[in-house]
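Going line by line, the protein sequences match chains A and U.
Using the working numbering, read the first sequence as starting at 1 and increasing by one per residue.
Using the working numbering, read the second sequence as starting at 1001 and increasing by one per residue.
A virtual CB, placed ideally from N, CA and C, is assigned to each residue, including glycine.
Below is one structure; the comments refer to it alone.
There are 2 protein chains.
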Amino acid sequence: MLRVIVVEPEGDYNLGFIARLCKNFKVDELVIVNPIASIENAKPFAAKGIDFLENKTRVVFSYNEALKDLDLTIATSSIADIEKDMLRRSIKPWEIHDFILNVKNAGIIFGRESVGLTREEIMKADLLLHIPANPEYPVLNLSHAIGIVLYEIYNHGKRGTSGPPINGKYVKLIDRYVRTIYELVKPSDESIEMYVAMRRTLVGGIRDNEQARAVVHFLRKLYVTLVYSGEDK
Amino acid sequence: MLRVIVVEPEGDYNLGFIARLCKNFKVDELVIVNPIASIENAKPFAAKGIDFLENKTRVVFSYNEALKDLDLTIATSSIADIEKDMLRRSIKPWEIHDFILNVKNAGIIFGRESVGLTREEIMKADLLLHIPANPEYPVLNLSHAIGIVLYEIYNHGKRGTSGPPINGKYVKLIDRYVRTIYELVKPSDESIEMYVAMRRTLVGGIRDNEQARAVVHFLRKLYVTLVYSGEDK
């Protein structure tokens, strides 16, 4: 299941275009967090995607609620790959398909037209996605960014370069272990970057389930050792 | 040089979005044929692409003028690959880059929001491009289609699947020979499909310049033989 999540969209036309794109590229559901745009005014822009707006779109009033029941969450940003900012390490649109292939419920999260997603919102997602564009002006309009991402997911297989999958349960396990281990080892509350970097590296670097199993196994061993050595002292 | 050509665009917002996308993905120029939309009203939608609209955009009043000085022209349509319609045989967005790589001046042509390009307009282009989407509703909004195509061209190399190039002069030569040969052999004026099919097959099937040279050589031989056998009779 593929869910598109849009946080506080501002433009009626964008909301309509997004619903149309969801239908064009067979998305399963659209979840809108605190819309500023009007769904009613968006309808003309949805064209024949109007039924998607009426039947497959939900409005929710919290970010966490929008992410509920998802095994893998991918935030998006036009700001990415900044030196020393682990939160901004990104995957590219042509890599998404590999990450969501064996995931039961995947969600891709898009931010506000004006300011995108907050760091806190990006932090809650498993991965960050960035669309490479002109360094002088890489900021795409919201619905155009969504169009590119959905096009990539819909057409990926046809390119004949489908990569190996990673199961959603491993993504969850890796996050849980990394977070727990981080809490056990963190030098201070200011060192959250350590956790973010490790999570990004692991979820982004694994190419198949066998590799994922091995990583989880290692993390579990690490965790058990840490907890027991703590008890011994 | 990459030129985007938009024929009779109707929506101000689309025109603005298109200029923004041209800047996002480093297009060289935008040529608008007989705009119905207002460039002035489009400006707010161009955001920081407004300078592209002001400095790198031209309005022309004929389709042929928009295609002037181009070595390779690619028309676009949401209607493609219909049985027995050679004009509708299409290439996909991820294949464009290979076709334009060694072409000096390439143009990609997009039609009206309401009815797209006419058959006559498609006929004048070397290739037809189609974005695969949901068969139940494959019709993308104009500016979103442009966004996907420009994204593909801009990012193609990064995927690491760059294919072999074909030089623009061969594209022109192939068209000239095929057209001339067609004129020499056509059974009737109703058989134009023959020419279209041959042109599409040759321009679309060639993968490198060596192959192109061989095809042109064959066509030239064919032409000379046809002309001389006509004189002998």
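Note on geometry: alpha-carbon atoms of Ala-133(A) and Thr-1076(U) lie some 22 Å from one another.
Segment contact: the segment 201 to 221 of chain A against the segment 1065 to 1085 of chain U, fewer than three CB-CB distances shorter than 8 Å; contact not assigned. Each residue's CA atom was taken as its position, placing Tyr-1063(U) and Lys-43(A) some 33 Å apart.
Counting only residues of its own chain and dropping the five nearest sequence neighbours on each side, Ser-1114(U) has a CB closer than 7 Å to the CB of Glu-1010. In this chain, the alpha helix (DSSP H) harbouring Gly-168(A) covers 168 to 185. Rounded to the nearest whole angstrom, the CA to CA distance from Arg-1220(U) to Asp-12(A) is 57 Å.
With the criterion set as a beta carbon lying under 9 Å from some beta carbon of chain U, the members of the segment 116 to 147 of chain A are Ile-131, Pro-132, Ala-133, Asn-134, Glu-136, Tyr-137, Pro-138, Val-139, Leu-140, Asn-141, Ser-143, His-144, Ala-145, Ile-146, Gly-147, in sequence order. Looking at the backbone, the Cα of Ala-1066(U) and that of Val-1171(U) are separated by about 18 Å. Listed in chain order, the non-local C-beta contacts of Ser-90(A) below 7 Å within the same chain comprise Ala-80, Asp-81, Leu-128, Leu-129, His-130, local neighbours out to five positions each way being set aside. Not a single C-beta of chain U is nearer than 9 Å to the C-beta of Leu-53(A). Taking one beta carbon from each stretch, the segment 135 to 154 of chain A and the segment 1016 to 1023 of chain U have 3 or more pairs nearer than 8 Å; the two touch. Below the 7 Å Cβ cutoff, chain A contributes no neighbours of Arg-1176(U), its closest Cβ being approximately 33 Å away. Taking C-alpha positions only, Gly-1107(U) is separated from Leu-140(A) by approximately 22 Å. Taking C-beta separations shorter than 8 Å and ignoring five residues to either side along the sequence, the partners of Lys-1092(U) in its chain run Leu-1129, His-1130, Ile-1131, Pro-1132, following chain order. Closest in C-alpha terms to Asp-175(A), from the list Val-59(A), Val-60(A), Thr-201(A), Glu-29(A), comes Thr-201(A). Every beta strand (DSSP E) of 3 residues or more that sits fully in the segment 35 to 86 of chain A is shown, in chain order, as 57 to 60, 72 to 76. Rounded to the nearest angstrom, the gap between the Cα atoms of Tyr-1151(U) and Glu-183(A) is 41 Å.
Assigned with DSSP and collapsed to three states, Gly-116(A) falls in strand.
Secondary structure note for Ile-1109(U): its beta strand (DSSP E) is the uninterrupted segment 1106 to 1110.
In the DSSP annotation of this structure, the continuous segment of the alpha helix (DSSP H) that includes Arg-1020(U) starts and ends at 1012 to 1024.
Going by DSSP, Val-1007(U) is part of the beta strand (DSSP E) stretching over 1002 to 1007. Going by C-alpha positions, Leu-1222(U) is about 17 Å away from Gln-1211(U).
The Cβ atoms of Gly-1111(U) and Val-1215(U) lie no closer than 9 Å to each other.
Burial is judged here by how many other beta carbons sit within 10 angstroms of a residue's own beta carbon; Phe-25(A) has at least 16 and is buried. Here DSSP, grouped into helix, strand and coil, assigns Ile-148(A) to helix. Contact note: Lys-1048(U) reaches chain A through Tyr-137, Val-139, using a C-beta cutoff of 8 Å and chain order. For the segment 1021 to 1032 of chain U, the beta-carbon criterion of a distance under 7 Å to any beta-carbon of chain A is satisfied by Leu-1021, Lys-1023, Asn-1024, Phe-1025, Lys-1026. Shown here, Leu-1140(U) sits in coil according to DSSP, grouped into three states, outside any helix or strand. Exclusion of the five residues before and after Ser-1078(U) leaves Pro-1138, Val-1139 as the residues of its chain whose Cβ lies within less than 6 Å of its Cβ. Looking at the DSSP output, Leu-1128(U) sits in a beta bridge with Ala-1075(U). Chain order gives the chain U residues near Phe-17(A) as Asn-1141, His-1144, where near means a beta carbon separation below 8 Å. Under the 10 Å beta carbon count, Phe-99(A) is surrounded by 16 or more other beta carbons and is classified as buried.
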